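Asker: Sharing a structure with you now.
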Amino acid sequence: MRDAGILAAELLDWYDQHARDLPWRVSPADRRAGVQPDPYAVWLSEVMLQQTTVAAVQGYFTRFTELWPTVEALAAAEDARVMGEWAGLGYYARARNLLKCARVVTAELGGRFPDTIERLRALPGIGPYTSAAIAAIAFDRPEAVVDGNVERVMARLHRIEAPLPKAKAELRARAAEMTPLARPGDYAQAVMDLGATVCTARSPACGLCPWRGACRARAAGVASGLPRRMAKPPKPTRWGLAYIGRRADGAWLLERRPDRGLLGGMLGWPGGDWGETAEGLPPVAADWRDIGAEVRHTFTHFHLRLGLRVANLPQHCEPARGEFIAALEPDDLPTVMRKAYDLARAELGGPV
Ligand code: SF4
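Here the numbering used here runs 42 ahead of the position in the sequence shown, where the first position is 1.
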């Protein structure tokens with residue numbers, strides 16, 4: 043295989059012409075002209091991109107940076123507002139850590155993100171991948187940034203046949219060996235772009251690849267089969283109930299979920315625990331109706347099937363759980379609760 047330095051230079055040439063235009067990115071041309079990346083934008087985008095696609099994140103990123111253009115502005119935001127804007131990105135622990143991190147950076151570090159992976163790792167919500175990405179992209183440090191795209195490219199370029207996740211350490215080592223000292227931030231983004239746009243999971247476009255001459259998987263005709271993966275156990279299904287009640291004055295009965303755990307700190311419809319059967323007591327005595335439709339939603343570790351019960355509630359009632367919200371903003375609900383609302387609205391009315 044060609045020398046790592048030559049491969050890096052070939053990839054950077056390709057990146058200079060084909061870099062994706064992303065709202066948080068400083069283009070290679072601007073970088074050459076001396077424009078520095080904003081560490082706040084790099085951090086925000088990387089936290090949003092954890093387990094979410096670039097396409098899904100772009101609108102959220104733009105909205106967040108319009109509302110909160112600096113880390114200090116985000117640190118001063120109300121928790122509920124940030125959680126509401128986050129709805130739809132999933133994994134609410136990330137949003138809670140985002141706020142915590144913004145507050146630490148503002149209160150303890152004068153609004154400046156640290157520039158080493160060790161110090162970045164000490165901040166809330168920043169793990170090995172995100173610290174490497176921020177150090178490389180925002181501060182041009184030669185850190186190996188290894189996401190799923192990079193793993194795929196490394197597995198193919200070096201023809202690593204061991205399956206994931208066992209192969210992770212080897213893929214990381216290969217990525218580290220190849221990281222150049224010149225333009226490491228652009229290089230990190232270039233490998234990611236190559237994986238996202240050329241060396242794609244199902245049908246790599248090897249004819250367009252700057253590494254086609256060196257790629258061992260291509261030479262062996264096994265590119266689309268790599269990286270191999272160990273078979274995953276199937277996701278279990280859980281069942282639950284959601285009680286969607288609306289008072290005569292139009293207020294909705296909602297319940298704030300505990301801070302810890304799934305959808306922590308978010309508003310949702312009252313209901314029981316999610317388990318092997320759909321059960322849970324209503325939050326208030328009323329004429330609850332089964333609308334005969336259910337929400338299906340997939341979380342990281344399980345599928346959920348949520349049965350729906352709706353009721354028009356009397357103006358004077360005292361629920362055992364939850365609180366009445368007069369001005370419901372459906373978009374502030376997490377996706378699973380929003381899906382339930384969309385089904386129940388036909389029965390109870392309410393804003394779109
Ligand atoms: Fe991926 Fe093909 Fe490039 Fe190899 S030659 S890195 S398989 S796109």
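Ideal Cβ positions, reconstructed from N, Cα and C, are used throughout, including at glycine. Model, not experiment: these values are computed from the prediction.
1) Mind checking Ser87: buried by the 16 CB within 10 Å criterion, or exposed?
2) I'd like to check one pair, Leu213 with Glu188: are the Cβ atoms closer than 8 Å?
3) Count the CB pairs spanning the segment 199 to 206 and the segment 90 to 107 that are closer than 8 Å, and state whether there are at least three.
4) Is the beta carbon of Gln92 sitting closer than 8 Å to the one on Arg136?
5) Tell me whether Arg216, by its Cβ, gets closer than 7 Å to a heavy atom of the ligand SF4.
6) For Trp128, which of Pro393, Thr242, Gly306 has the nearest alpha-carbon?
7) Just to confirm, does Cys143 get its C-beta within under 7 Å of one of the non-hydrogen atoms of the ligand SF4?
8) Any idea what DSSP makes of Tyr133, helix, strand or coil?
9) Less than 7 Å between the CB of Arg201 and some heavy atom of the ligand SF4, yes or no?
10) Output the boundary residues of the beta strand (DSSP E) element that contains Gly287.
11) For Pro324, which option in Thr95, Ile168, Leu355 has the closest C-alpha, if you only look at C-alpha atoms?
12) Tell me the rounded alpha-carbon separation between Ala259 and Ala197.
13) Which residues in the same chain as Pro376 place their Cβ atom closer than 6 Å to its Cβ, once the five residues preceding and following it in sequence are excluded?
14) Where does Asp121 sit, in a helix, a strand or coil, going by DSSP?
15) Compute the minimum distance between the beta carbon of Pro246 and the heavy atoms of the ligand SF4, and state whether it is under 7 Å.
16) Give the single residue among Met220, Asp228, Ala382, Arg163 whose Cα lies nearest to the Cα of Asp72.
17) Among Ala388, Glu389, Gly392, Ala50, which residue has its Cα nearest to the Cα of Ala217?
18) Between the C-alpha atoms of Leu348 and Ala320, what's the straight-line distance to the nearest angstrom?
19) Which one or two residues does DSSP pair with Val68 in a beta bridge?
20) So, under 8 Å CB-CB, Trp316 and Trp281 are touching, yes? Tell me the CB distance rounded to an integer number of Å.
21) Taking the beta strand (DSSP E) that Ala353 falls in, what are its first and last residues?
22) Identify which residue in Ser245, Asp374, Pro275, Gly364 has its Cα closest to the Cα of Arg298.
23) Could you tell me whether any non-hydrogen atom of the ligand SF4 is closer than 7 Å to the CB of Ala265?
24) Using the C-alpha atoms, what's the distance from Leu346 back to Thr340?
25) Is Trp128 helix, strand or coil by DSSP?
26) Mind checking which residues open and close the alpha helix (DSSP H) that includes His60?
27) Between Trp110 and Asp45, what straight-line distance do the alpha-carbon atoms span, to the nearest angstrom?
28) Going along the chain, which residues of its own chain have a beta-carbon closer than 7 Å to the beta-carbon of Tyr285, five neighbours each way excluded?
29) Taking 7 Å as the cut-off, is the C-beta of Val326 nearer than that to any heavy atom in the ligand SF4?
30) To the nearest angstrom, how far is it from the Cα of Asp55 to the Cα of Tyr82?
31) Identify, in the order they occur along the chain, each residue of the same chain with its Cβ nearer than 7 Å to the Cβ of Leu223, setting aside the five sequence neighbours on each side.
32) Should Leu141 and Val113 be called a contact, given that it needs their Cβ atoms to be closer than 8 Å?
33) Roughly how many angstroms lie between the CA atoms of Pro226 and Ala115, to the nearest whole one?
34) Under the assumption that Pro79 contacts Ile179 (Cβ atoms under 8 Å), give the Cβ distance between them as a whole number of angstroms.
Answerer: Concretely, from the data shown:
1) What you label residue 87 is simply residue 45 of the sequence shown in a count that begins at 1. With 16 or more Cβ atoms within 10 Å of its Cβ, Ser87 is classed as buried.
2) Walking along the sequence shown from the start, residue 188 turns up at place 146. Walking along the sequence shown from the start, residue 213 turns up at place 171. Here residue 188 is Val; the residue named in the question, Glu, does not match the sequence. The criterion of a C-beta distance shorter than 8 Å is satisfied by Val188 and Leu213.
3) no
4) Within the sequence shown, residue 92 is the residue found at index 50, counting from 1. Within the sequence shown, residue 136 is the residue found at index 94, counting from 1. Yes, Cβ-Cβ distance for Gln92 and Arg136 is below 8 Å.
5) Taking the sequence shown and counting its residues from 1, the one referred to as residue 216 is at position 174. Arg216 Cβ: outside cutoff for every heavy atom of the ligand SF4.
6) Along the sequence shown, one-based indexing puts residue 128 at 86. Nearest C-alpha to Trp128: Gly306.
7) For the purposes of this step, residue 143 is taken as residue 101 along the sequence shown, with counting starting at 1. Result no, Cβ not under 7 Å from the ligand SF4.
8) In the sequence shown, residue 133 corresponds to position 91, counting from 1. Here Tyr133 sits in coil by DSSP.
9) Translated into positions along the sequence shown, residue 201 becomes position 159. No - the ligand SF4 has no heavy atom lying nearer than 7 Å to the Cβ of Arg201.
10) Locating residue 287 in the sequence shown gives position 245, counting from the first residue. Looking at the DSSP string, the run of the beta strand (DSSP E) that includes Gly287 is 279 to 289.
11) In the sequence shown, residue 324 corresponds to position 282, counting from 1. When each option's Cα is compared against that of Pro324, the closest is Leu355.
12) Taking the first residue of the sequence shown as position 1, residue 259 is located at position 217. Taking the first residue of the sequence shown as position 1, residue 197 is located at position 155. Ala259 and Ala197: Cα-Cα distance of roughly 8 Å.
13) Here residue 376 corresponds to residue number 334 of the sequence shown, with the count starting at 1. Same-chain partners within the cutoff: Ala129, Leu305, Met308.
14) Taking the first residue of the sequence shown as position 1, residue 121 is located at position 79. Reduced to three states, the DSSP call for Asp121 is helix.
15) The residue labelled residue 246 in the question sits at position 204 within the sequence shown. Yes; taking the cut-off as 7 Å, the Cβ of Pro246 has a heavy atom of the ligand SF4 nearer than that.
16) Against the sequence shown, residue 72 aligns to sequence position 30. When each option's Cα is compared against that of Asp72, the closest is Asp228.
17) Residue 217 sits at position 175 when you count from the first residue of the sequence shown. If we check each option's Cα against that of Ala217, Ala50 comes out closest.
18) Against the sequence shown, residue 348 aligns to sequence position 306. Against the sequence shown, residue 320 aligns to sequence position 278. Taking the straight line joining both Cα atoms gives about 7 Å.
19) On the sequence shown, residue 68 is found 26 positions in, with the first residue counted as 1. In DSSP, Val68 forms no bridge with anything.
20) Taking the sequence shown and counting its residues from 1, the one referred to as residue 316 is at position 274. Taking the sequence shown and counting its residues from 1, the one referred to as residue 281 is at position 239. That pair is a contact at about 7 Å.
21) What you label residue 353 is simply residue 311 of the sequence shown in a count that begins at 1. That run of the beta strand (DSSP E) goes 345 to 355.
22) Position 256 of the sequence shown, counting from 1, holds the residue named residue 298. That would be Gly364, whose Cα lies nearest to the Cα of Arg298.
23) To locate residue 265, count along the sequence shown from 1; it is residue 223. Yes, the beta carbon of Ala265 sits closer than 7 Å to at least one heavy atom of the ligand SF4.
24) By 1-based counting over the sequence shown, the position of residue 340 is 298. By 1-based counting over the sequence shown, the position of residue 346 is 304. Approximately 6 Å between the Cα atoms of the pair.
25) For this step, residue 128 is matched to residue 86 along the sequence shown. Correct three-state label for Trp128: helix.
26) What you label residue 60 is simply residue 18 of the sequence shown in a count that begins at 1. Taken as a continuous stretch (DSSP letters only), the alpha helix (DSSP H) holding His60 covers 46 to 60.
27) The residue you call residue 110 lines up with position 68 of the sequence shown. The residue you call residue 45 lines up with position 3 of the sequence shown. For Trp110 and Asp45, the distance between alpha carbons rounds to 44 Å.
28) The sequence position of residue 285 within the sequence shown is 243, counting from 1. So the qualifying residues of the chain are Trp311, Pro312, Gly313, Pro324, Pro325, Trp330, Arg351.
29) Position 284 of the sequence shown holds residue 326. No - the ligand SF4 has no heavy atom lying nearer than 7 Å to the Cβ of Val326.
30) Indexing the sequence shown from 1 puts residue 55 at position 13. Indexing the sequence shown from 1 puts residue 82 at position 40. One C-alpha to the other measures close to 27 Å.
31) As a first step, residue 223 must be located in the sequence shown, where it is residue number 181. Hits under 7 Å: Pro184.
32) On the sequence shown, residue 141 is found 99 positions in, with the first residue counted as 1. On the sequence shown, residue 113 is found 71 positions in, with the first residue counted as 1. Not a contact, by the Cβ cut-off of 8 Å.
33) Taking the sequence shown and counting its residues from 1, one reaches residue 226 at position 184. Taking the sequence shown and counting its residues from 1, one reaches residue 115 at position 73. Approximately 30 Å, taken between the alpha carbons.
34) Counting from one through the sequence shown, the residue named residue 79 turns up at place 37. Counting from one through the sequence shown, the residue named residue 179 turns up at place 137. With a beta-carbon spacing of about 6 Å, Pro79 and Ile179 fall inside the 8 Å limit used to define contacts.
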